[in-house]
Amino acid sequence: MKYLSDAKEFLEKELKCKIEIISAEKSEHPKALVAEPEKPGIFIE
């Protein structure tokens, strides 16, 4: 998850949106169930 945190600012600028990084353990979204180490579940709203 560190690589996502490191890329957060870059991604926000490139995608022109706010990015929130939440660990799968703390998320209530169903997409969190498919997250695995080094394979994040990505949810775009």
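At the far end of the sequence shown sits residue 676, using this note's numbering, and the numbering has no gaps.
All residues carry an ideal CB built from backbone N, CA and C; glycine is no exception.
From a predicted model like this one, the values you see are computed outputs, not experimental measurements.
Beta bridge counterpart(s) of E659 as assigned by DSSP: Here the question's residue 659 lines up with position 28 in the sequence shown. Looking at the DSSP assignment, E659 forms no beta bridge with any residue, so it has no partner.
K639 to K647 span [Cα, whole Å]: Position 8 of the sequence shown, counted from the first residue, corresponds to residue 639. Position 16 of the sequence shown, counted from the first residue, corresponds to residue 647. Using only the alpha carbons, I get a separation of about 11 Å.
Integer Cβ distance of L642 from P671, believed to fall under 8 Å: Translated into positions along the sequence shown, residue 642 becomes position 11. Translated into positions along the sequence shown, residue 671 becomes position 40. The pair is not a contact, with the Cβ atoms about 12 Å apart (cut-off 8 Å).
As assigned by DSSP and simplified to three states, the class of E640: Stepping through the sequence shown from its first residue, residue 640 is reached at position 9. Of the three classes helix, strand and coil, the one that applies to E640 here is helix, per DSSP.
Same chain, Cβ closer than 7 Å to I652, neighbours up to 5 away in sequence not counted: For the purposes of this step, residue 652 is identified with residue 21 of the sequence shown, where counting begins at 1. Excluding residues within five positions, the ones whose Cβ falls inside 7 Å are M632, L635, S636, K639.
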